[in-house]
Amino acid sequence: AQTVTQSQPEMSVQEAETVTLSCTYDTSESDYYLFWYKQPPSRQMILVIRQEAYKQQNATENRFSVNFQKAAKSFSLKISDSQLGDAAMYFCAYRTSFGNEKLTFGTGTRLTIIP
Amino acid sequence: DTGVSQDPRHKITKRGQNVTFRCDPISEHNRLYWYRQTLGQGPEFLTYFQNEAQLEKSRLLSDRFSAERPKGSFSTLEIQRTEQGDSAMYLCASSPPSGSSYNEQFFGPGTRLTVL
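Here it is as structure tokens:
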């Protein structure tokens, strides 16, 4: 079974600075998808960024980018120019490419933005 | 379209009572998922529908839990004889059949269940 590990329960960053959230996963599959979801306090979860395992190029979405290291099974999220609205729980998630469509989530990292 | 909606947003019940939650996915999304999230944890998969067919159920979904999606539109999740351990946020998500968002799951706001 696949597992996702987020080893940083909490992180904080000064506004306008850069922060990196860590995620590692375990799988025997070669093709899969990885996601970072953001869950603001009392609000619904939204997708931040997505990475297909067959793509070597790291995904970027505006201020958000990932460092995908397939051999190391590592998938970190970098947030540049941090803003107050980035404060949230961030969840790393895994999904296989075939059949089973469920997302397997890590335990999350709570990100605090310091003004 | 305003996204995935869930009703109720909060439910407080006494142990042993039955509860039912509803999820309305984004229109034209044929896939629908239920997850459970306990405090301090990430969501855990419960079950998955493609149209009206329930294609997968987690072992977390005990005999007291049942989910339906009649006509492939909205879905209901029922918990019978609730236990205190059922207290959690129940999340619903949906995804489209094709297109650029094929692999993205769009989440609803959740139903927070408290069992006293």
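Those sequence lines, one after another, are chains L and X. The numbering used here applies: residue 1 is where the first sequence begins, and numbers increase by one. The numbering used here applies: residue 116 is where the second sequence begins, and numbers increase by one. Just so it is clear, CB atoms sit at the ideal spot from N, CA and C, and this is done for glycine as well.
The beta carbon of Lys78 of chain L is closer than 6 Å to those of Thr20, Ser65 in its chain, skipping five residues each way along the sequence.
Two segments are said to touch when three or more pairs of C-beta atoms, one from each, lie closer than 8 Å; by this definition the segment 128 to 138 of chain X touches the segment 188 to 202 of chain X. Unbroken beta strand (DSSP E) runs of no fewer than 3 residues, entirely contained in the segment 33 to 71 of chain L, are found at 46 to 52, 64 to 69, following chain order.
Among the residues of the segment 43 to 64 of chain L, those with a Cβ less than 9 Å away from any Cβ of chain X are Arg43, Gln44, Met45, Ile46, Leu47, Arg50, Glu52, in the order of the chain.
Here Asp86 of chain L carries a helix assignment [DSSP, helix/strand/coil]. Taken atom to atom, the span from the alpha-carbon of Asn58 of chain L to that of Glu183 of chain X is near 39 Å. In the DSSP assignment, Lys78 of chain L falls within the beta strand (DSSP E) that extends over 74 to 79. The CB of Phe160 of chain X comes closer than 8 Å to the CB of Lys102, Leu103, Thr104 in chain L, given here in chain order. A distance below 6 Å between beta-carbons, with the five flanking residues on each side excluded, links Leu231 of chain X to the following residues of its chain, in chain order: Lys129. Residue-level contact by beta carbon holds for Phe91 of chain L and chain X, with a gap shorter than 8 Å.
For Tyr94 of chain L, the closest Cβ of chain X is not nearer than 8 Å. The beta carbon of Gly157 of chain X falls within 8 Å of a beta carbon belonging to chain L, placing the residue at that interface. Taking Asp178 of chain X as reference, the option from X:Glu193, X:Gly225, X:Gly118 with the minimal CA-CA separation is X:Glu193. Any Cβ of chain X closer than 8 Å to the Cβ of Tyr32 of chain L would place that residue at the interface, and such an atom is absent. Excluding the 5 residues flanking it on each side, Leu175 of chain X has same chain C-beta neighbours closer than 8 Å at Arg151, Glu159, Phe160, Leu161, in chain order.
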